[in-house]
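The numbering of the sequence shown is the working numbering, which starts it at 470 and goes up by one. All remarks here apply to the structure that follows.
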Amino acid sequence: MTALVSKPPSLARRLRAILLVDGSRQALADQAAHLRAIIERHLDVAASLDNFNEPIPDVEADLMVVFGGDGSILRAARQMGFAQLPVLGVNLGRLGFLAEIQPEDLDEILPQIVAGEYRVVKHLMFECSVQRGGREESRTLGLNEVVVLAGPTFSMIEVQLYVDAKLATTYSCDGLIVSTPVGSTAYNLAAGGPIMEKSLQTLVVSPICPHTLTNRPVIDSADHVYELAVPQPNEGTTLLVDGKPIGQVLADDRIRIERSSAEFQLIEVRGRGYYRTLREKLGWGGRLKLKE
């Protein structure tokens, strides 16, 4: 299901934004400070943060402007938790599938947002919990993917996949990725998984270098509950959520992945849809170059 929310212009007051940047990276902080003057020409700044580990201020705000790359947006999504604000990503990184607005375009795009000429697209988020010894060891909110990596001693592992508590299959592989559509252009794509349109309500399970060539990525509904188990992990077998190490995977662990009630909200402006982003970021030429 595609969830689109149209936002009319506010007639009573100017839109209020929270600004967020990784202040530990001086180059990013300097760029964000320079761009703040452009933001303030069009929006009121309700708060400004330069630390992804601090709580989001309890202020009235209509959106969050995140300066950086896709990694910054993933961290912002986790930081907001279950109180998600619409996010405008300003790309100060490299590819920028989520942070797709270029700094030089802000003066053109912000008036569109002020005029209500944009939409908010809601995206699937998940919760990943680790069940150990009959109790919950950890719970993490995520947007991109859950990854189990074989790790040292770098021998292949067997990962059991359960769907709604029923064994689906066992993968012999270097690791396993369970990805959302938003995360499908990240590690999943690099591992040979499919691209999924971002607003789909699905998950894709992609083995990393599977021993059996018939093990292919599988797409299924996000309404299922997915569980992973590694009966004989390596010493360094590790669980990651959105690239962040959560901890070592032990033999009796059950890794549970389920839809979250939180939904990531991304602002899209006119003329900057999903396929334009794919075309530009992945270099889709659309035609063969012929020799002259």
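Glycine residues also receive a C-beta, built at the ideal position from the N, C-alpha and C atoms.
In the DSSP assignment, the residues bridged to Ser-641 are Glu-627. Annotation for Ile-542: the continuous alpha helix (DSSP H) segment containing it runs 539-549. In the structure shown, the three-state DSSP call for Asp-519 is coil. Your pair Gln-553 and Gln-734 checks out as a contact, with CB atoms roughly 5 Å apart and the cut at 8 Å. If you draw a straight line from the Cα of Leu-497 to the Cα of Leu-636, it comes to about 46 Å. Under the DSSP definition of a beta bridge, Gln-571 lacks any partner. Of the candidates Arg-601, Cys-678 and Ser-668, Ser-668 places its Cα closest to the Cα of Ala-691.
Taking C-beta separations shorter than 6 Å and ignoring five residues to either side along the sequence, the partners of Leu-567 in its chain run Asp-539, Ile-542 and Gly-558, following chain order. Judged by their CB atoms, Ser-598 and Arg-725 are nearer to each other than the 7 Å cut-off. Pairing Glu-627 with Pro-676, the inter-Cα distance amounts to about 11 Å. Here Ser-648 is buried. Its C-beta has 16 or more other C-beta atoms within 10 Å.
The Cβ-Cβ distance between His-693 and Asp-633 falls below 7 Å. With contact defined as three or more Cβ pairs closer than 8 Å, the stretch 659-667 and the stretch 699-711 are not in contact. Here Gly-562 has Gly-537, Gly-538, Asp-539, Gly-540, Ser-541 and Ala-568 as same chain residues with Cβ atoms under 8 Å from its own Cβ, once five neighbours each way along the sequence are excluded. Ranked by how close their Cα comes to the Cα of Glu-732, the residues Val-615, Ile-507, Leu-610 and Cys-642 have Leu-610 in first place.
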